[in-house]
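Quick notes on the structure that follows.
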């Protein structure tokens, strides 16, 4: 007889033993010793056996007793994956290493552009999905404890013991996990101690089950032949198998094998060497075969020996007990305990990593950013977050166990979890094989799959009127027949499990595919997609972790100072050195230190950049094109931003400059305008003064002679003409300056134009001017506006008539051709224009000698405007004797030889 | 002895009108068309009144006025300035330079004559 106290004592000793093993393994790993064992394919294969939980240990026998051979599907799925799909696993392992993935949520989020939303979604789904599974472990340990307790205390108070036991088992498991998993924080989320303990437990559970099996076959049944005969005689042998259910179960268990967070943890995160997978691909199916070998015999003998109503999930324990084999029963209990504890530890470790990395830490960082800037002890925060997550997850499992009544068959509960985590499969496989898959597609597929799973599997598991009212089962949500949880879209007659797996996975995959096709990935998604899908092109399977030389630390320091700033970088390095227990000098370049630094840098420059920089400095690692693209992607955003700022400030400077220039110009224009108005005023008032004065004389004075009257009237007349001419000139100039008025370009003879000008100018003046011309040179044909050109020439001749102060005034008009231009010189023999006025002659109102002039001083300004519009040039050329005006007309556009 | 006025004006028609009007009023009018030597002529002639245009060849009316006022013996010589540049800026400059009266062209004959009379009242008989 085994008492409860003895049982607890044995358990404590067993757990203490496991601790010792784990502790020794961790210490050996830290010292770099014992790699032959710690990093061996054997340990890797055994650690994979956390797939076999209490479900397998106890539940498989119960499953077989209830449903015959169907339990095999749960082993077939993973075996098929290991044997047929080991290359998929290898790809996962390689990606996990290349991307430093810490969990299945991390992998999916990293693939789809480091989407935090996806990480949170997958984490939440995993927690919800795994909760029934943890409840299953609680239930199995509680059941097994209650078997001993019942024997110990009699049948009367079983329910109460059951309840208490479940709570204490949950509390014990939580403590156990916290002690095991978060004793110290390993930056790369790898736990050698845990893995070795799991391997030990794998051996214990295999040995225990084999021992019970051997006892049943040879001790109870009396040999192999006898056993086979009994199997044939039992109801198990005649059980009907359903093809649809088998397929669904194989698919869902295969998917769960890949997607379960704890499987991902041991298979990908804890993997030391890709080659271990090759050995595990045949060794692990062998393990599964061995552990399932005696399931049917134990079930058959259990059905025969145990009274009807005994829980078949506990045959592994109750059959030896009923035969008085207390020692064997104790071994079987330890096997079941091992199965449950190893699963709970690894599963909660994996889940707590996901929760703390993707939910707690981002929240904490966000909250602490608003507060003090002290970096504090992030390790402490992480460990607290992990421990809190572990407690939360196990509490959830406990609550599920209480809510679901603890009455369901173990296998049925396990399948619910399988169905939940299987929803990760489309996004996971799509992510590593199909570059076209997008974040939006993954979110859509995961969401629909998870919702259908909740509705068709999880919620119904609480029973009618549990989580869903019974009416929903009968009539569907809102009375809609197509929304019945076990007959979705009106399809009835399917097995509930097949139904749920089919709808959730197929709609998940379909939506993932369709939405991916119709959505566009971001640049980071494209890049990550390329890295994931082509992971074998640019990564090696070598062991991970940075290994730096001591000299490398100095280089790291220099780089860090550039990125973090001098004081911050020094503080970080000093803190790290203190953390390593060094009182002097820089920290040692341990992998932990380098990774901490990488994280620190990543916060400033982005993960890809930080990784590439550190890799370049200490790894001597070549930076791949993809790395550079990632860096470029990050820096492009920064550059774009600063570029925009720079452009903005340049724009502002330019605008300010333009404004200041415009202001200057306006001021100048305003001055010019004032000046111009003042001059116009003067030019208008002057003739008006004469007109007014003489008209008043004519009006008011009496006794004026006829001669006087006539003289004064003619003065008024001539001043009126002067005024009219002034207004004409002003309007003409205004039209020319504004570019209005069309030119009438025609083929004309230069000779004719000069003739016209000379005749007109001489006709309007009494003074005689000797004009000398060389007619032969004037025989040039032009294409230009003859009237405008004549206006210029008239002006020049008139000026000569007015201002040439020689006694015998002579004007020489000479025409010559210079390259493609025709040049007309007007040279007189007067005293010319004073030197200081050369620059002024073409300005408005630049009348230089008012004594002789009667013009307003606009003539030459008008000439310049006209010649400019005719695409020529007019200039004053100082001449030794007299004034010379030179007119150049472009031959290219307007000159043709006659 | 008749009243003597020196008129510095380069616009011949305006000079003729003023000469006609002041002549009928009993003035002897001496006309200068260039500002260059106007101050010397005036200093030598000692007229009862000076009439000055502003825009002149040689020297401007302001320059001539400044020269006249720098001579103490001519400090209270009445100077009537006539200009076609009707800006207030010119008026201020003229007053600062010590002008006796400032008139903007065109003026009415009556206006001009009464200004001349006012300026010379009590100076000439």
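Residue numbers (my numbering), protein chains in the order written: chain E, 1 to 898; chain W, 899 to 1023. For every residue, glycine included, the Cβ atom is placed at its ideal position computed from N, Cα and C.
1) Taking only beta carbons into account, state which residues of the stretch 660 to 692 of chain E come closer than 7 Å to chain W, listed in chain order.
2) For the alpha helix (DSSP H) that contains residue 231/E, what are its first and last residues?
3) Can you pull the chain E neighbours of residue 953/W, defined as C-beta to C-beta under 7 Å?
4) Check the Cβ of residue 983/W against every Cβ in chain B and list those closer than 9 Å, keeping chain order.
5) Which whole-angstrom value is the C-beta distance of residue 344/E and residue 177/E, which I expect to be below 8 Å?
6) Name the residue from 746/E, 400/E, 521/E whose alpha carbon lies nearest to the alpha carbon of residue 131/E.
7) Residue 907/E by DSSP, collapsed to three states: which one?
8) Of the residues 582/E, 812/E, 164/E, which one's Cα is nearest the Cα of residue 402/E?
9) Report yes or no: do the stretch 876 to 883 of chain E and the stretch 816 to 828 of chain E share at least 3 C-beta pairs separated by less than 8 Å?
10) In or out: residue 389/E buried (at least 16 other Cβ within 10 Å) or exposed?
11) Kindly list the residues whose CB is nearer than 7 Å to the CB of residue 359/E, restricted to its own chain and excluding five residues on each side of it in sequence; keep chain order.
12) Does residue 721/E come within less than 7 Å of chain W when only Cβ atoms are used?
13) Report the option in 911/W, 989/W, 921/W whose CA atom is closest to the CA atom of residue 903/W.
14) Under 6 Å Cβ to Cβ from residue 349/E, same chain only, skipping five residues before and after it: list those, please.
15) Evaluate the contact criterion for the stretch 954 to 974 of chain W versus the stretch 1001 to 1017 of chain W: three or more CB pairs, one atom per stretch, below 8 Å.
16) Within its chain, find whatever has a CB closer than 6 Å to the CB of residue 899/E; leave out the 5 residues flanking it on each side and keep chain order.
17) Quick one: is residue 772/E buried, meaning 16 or more other Cβ sit within 10 Å of its Cβ, or exposed?
18) I want to see whether chain W comes within less than 7 Å of residue 885/E, judged by CB atoms only; does it?
19) Residue 18/E bridges to which residues according to DSSP?
20) If you reduce the DSSP assignment to three classes, tell me which class residue 917/W lands in.
21) What distance in whole Å lies between the Cβ atoms of residue 201/E and residue 341/E, which are believed to be in contact at a cut-off of 8 Å?
22) Quick one, are the C-beta atoms of residue 252/E and residue 47/E less than 7 Å apart?
23) Quick check on the DSSP output: the alpha helix (DSSP H) that includes residue 75/E runs from which residue to which?
24) Assuming residue 413/E and residue 135/E are in contact, meaning their beta carbons sit under 8 Å apart, how far apart are those beta carbons, in whole angstroms?
25) What in chain E is Cβ-close to residue 1012/W, meaning under 9 Å?
26) Can you pull the chain W residues whose beta carbon is under 9 Å from the beta carbon of residue 694/E, in chain order?
27) Closest to residue 454/E by CA distance: which of 425/E, 776/E, 505/E is it?
28) Are the beta-carbon atoms of residue 283/E and residue 77/E separated by less than 7 Å?
29) Looking at the structure shown, is residue 434/E part of a helix, part of a strand, or coil, going by DSSP?
30) What span of residues does the beta strand (DSSP E) with residue 876/E cover, start to end?
31) Within the stretch 37 to 61 of chain E, note down every full alpha helix (DSSP H) run reaching 4 residues or more, in order along the chain.
32) Label residue 918/W either buried or exposed according to how many other C-beta atoms from any shown protein chain fall within 10 Å of its C-beta, with 16 as the threshold for buried.
33) Taking the straight line between their C-alpha atoms, what separation do you get for residue 329/E and residue 296/E?
34) Are the Cβ atoms of residue 462/E and residue 417/E separated by less than 7 Å?
35) Is it right to say residue 717/E is buried, meaning 16 or more other beta carbons lie within 10 angstroms of its own, or is it exposed?
36) Going straight from the alpha carbon of residue 1018/W to that of residue 901/W, what length do you get?
The answer reads as follows:
1) 678, 681, 682, 685, 686, 688, 689, 690, 692
2) As a position in the first chain, residue 231/E is number 231, starting the count at 1. Its alpha helix (DSSP H) spans residues 224 to 233.
3) On the second chain, position 55 is the one that residue 953/W refers to. Simply 682.
4) This model lacks chain B altogether, as its protein chains are E and W.
5) The count along the first chain starts at 1 and reaches residue 344/E at position 344. The count along the first chain starts at 1 and reaches residue 177/E at position 177. The Cβ separation is near 6 Å, so the contact holds.
6) In the first chain, the residue the question calls residue 131/E occupies position 131. Out of 746/E, 400/E, 521/E, 400/E has the C-alpha closest to the C-alpha of residue 131/E.
7) The structure shown does not extend to residue 907/E, since chain E is modelled only from 1 to 898, so the question has no answer here.
8) As a working mapping, residue 402/E is identified with position 402 in the first chain. Nearest of 582/E, 812/E, 164/E to residue 402/E, Cα basis: 164/E.
9) yes
10) For the purposes of this step, residue 389/E is taken as the residue at position 389 of the first chain. Its Cβ being crowded by 16 or more others within 10 Å, residue 389/E is buried.
11) Residue 359/E sits at position 359 when you count from the first residue of the first chain. Once the five neighbours on either side are set aside, the close Cβ partners of residue 359/E are 120, 123.
12) The residue given as residue 721/E occupies position 721 in the first chain. Chain W contact via Cβ: absent.
13) Within the second chain, numbered from 1, the residue matching residue 903/W stands at position 5. Considering only alpha carbons, the answer is 921/W.
14) Taking the first chain and counting its residues from 1, the one referred to as residue 349/E is at position 349. Around residue 349/E: 181.
15) At 8 Å Cβ cutoff, the stretches do not touch.
16) Because chain E in this structure spans residues 1 to 898, residue 899/E falls outside the shown range and cannot be described.
17) The residue you call residue 772/E lines up with position 772 of the first chain. Exposed.
18) To locate residue 885/E, count along the first chain from 1; it is residue 885. Chain W, which has no Cβ nearer than 7 Å to the Cβ of residue 885/E, makes this no.
19) Walking along the first chain from the start, residue 18/E turns up at place 18. BP columns for residue 18/E are empty, so no partner.
20) Position 19 of the second chain, counted from the start, is the residue given in the question as residue 917/W. Residue state, collapsed to three classes: helix.
21) Here residue 341/E corresponds to residue number 341 of the first chain, with the count starting at 1. Here residue 201/E corresponds to residue number 201 of the first chain, with the count starting at 1. That belief holds up - the Cβ atoms of residue 341/E and residue 201/E are roughly 7 Å apart, short of 8 Å.
22) Taking the first chain and counting its residues from 1, one reaches residue 252/E at position 252. Taking the first chain and counting its residues from 1, one reaches residue 47/E at position 47. Cβ atoms of residue 252/E and residue 47/E: not closer than 7 Å.
23) Mapped onto the first chain, residue 75/E falls at position 75. Counting along the chain, the alpha helix (DSSP H) containing residue 75/E begins and ends at 72 to 84.
24) Sequence index remark: in the first chain, residue 413/E carries index 413 (1-based). Sequence index remark: in the first chain, residue 135/E carries index 135 (1-based). Right, the Cβ-Cβ distance comes to about 7 Å (below 8 Å), so this counts as a contact.
25) The count along the second chain starts at 1 and reaches residue 1012/W at position 114. Correct list: empty, because the minimum Cβ distance to chain E is about 13 Å.
26) Here residue 694/E is taken as the residue at index 694 of the first chain, counted from 1. Near residue 694/E (Cβ distances below 9 Å), the residues of chain W are 911, 914, 915, 918.
27) Taking the first residue of the first chain as position 1, residue 454/E is located at position 454. Closest by alpha carbon: 505/E.
28) Looking up residue 283/E in the first chain gives position 283. Looking up residue 77/E in the first chain gives position 77. Contact: no.
29) For the purposes of this step, residue 434/E is identified with residue 434 of the first chain, where counting begins at 1. In the structure shown, the three-state DSSP call for residue 434/E is coil.
30) Locating residue 876/E in the first chain gives position 876, where the first residue counts as 1. Taken as a continuous stretch (DSSP letters only), the beta strand (DSSP E) holding residue 876/E covers 872 to 878.
31) 41 to 48
32) As a first step, residue 918/W is located in the second chain; it is residue number 20 there, counting from the start. Label assigned to residue 918/W: buried.
33) The residue labelled residue 329/E in the question sits at position 329 within the first chain. The residue labelled residue 296/E in the question sits at position 296 within the first chain. Straight-line Cα distance between these residues: approximately 18 Å.
34) Counted from its first residue, the first chain places residue 462/E at position 462. Counted from its first residue, the first chain places residue 417/E at position 417. No, these two residues do not count as a Cβ contact at 7 Å.
35) Within the first chain, residue 717/E is the residue found at index 717, counting from 1. Per the 10 Å Cβ criterion, exposed.
36) Working through the second chain from its first residue, we reach residue 1018/W at position 120. Working through the second chain from its first residue, we reach residue 901/W at position 3. Roughly 9 Å between the two C-alpha positions.
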